[in-house]
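First the structure, in the form of structure tokens, and then the observations on it.
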Amino acid sequence: MNRETPPRDLLERLEVLLEQERRCLLSWEPQRLLELSLQRQALQRLLQHRLRGVSRKDEWLRRRLEKIGFLNRSNLRLTRAAMKVAAALATALRSCGQATYGADGNARPLEAGPLLQKVI
């Protein structure tokens, strides 16, 4: 995916990532969920950049964006969904003992796997 990829292709990839995140959350795969979450965030930033040049008359694209909660007046649905995923991920990491905490109580980052390193 690059800056030349059409928004429809980016949106389809975003939908796939959201579905994969949901499955990882249900199957309790915290490391994979973290990698997918970072990929999704990078893709969302790219999609936001690409949508600046898209006509608002593209009804198909608008409906698909609204369906996944990516486009609405205040983006509150996306924010709530992202917070739920982040909370579930933090819980999963704590329960698996993969998150470590410093003396200040802040979580330290996990080691990045090969897929995660590509995203970063």
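To convert, take the position in the sequence shown, counting from 1, and add 833; that gives my numbering. All C-beta atoms in this analysis are idealised placements derived from N, C-alpha and C, irrespective of residue type, glycine included.
Cβ atoms of L871 and L850: under 7 Å apart, would you say? Result no, Cβ atoms of L850 and L871 do not sit closer than 7 Å.
Test item: CB-CB of L847 and L876 under 7 Å: Taking 7 Å as the Cβ cut-off, L847 and L876 qualify as a contacting pair.
E845: buried (16+ other C-beta within 10 angstroms of its C-beta) or exposed? Exposed, since its Cβ has fewer than 16 Cβ neighbours within 10 Å.
Buried or exposed: which applies to L858, given that a residue is buried once 16 or more other Cβ atoms fall within 10 Å of its Cβ? Buried, since its Cβ has 16 or more Cβ neighbours within 10 Å.
Could you check how far apart the C-beta atoms of E854 and R873 are, in whole angstroms? I think they sit under 8 Å. Confirmed, about 6 Å.
Inter-residue spacing [alpha-carbon to alpha-carbon] between E852 and E862: Using only the alpha carbons, I get a separation of about 14 Å.
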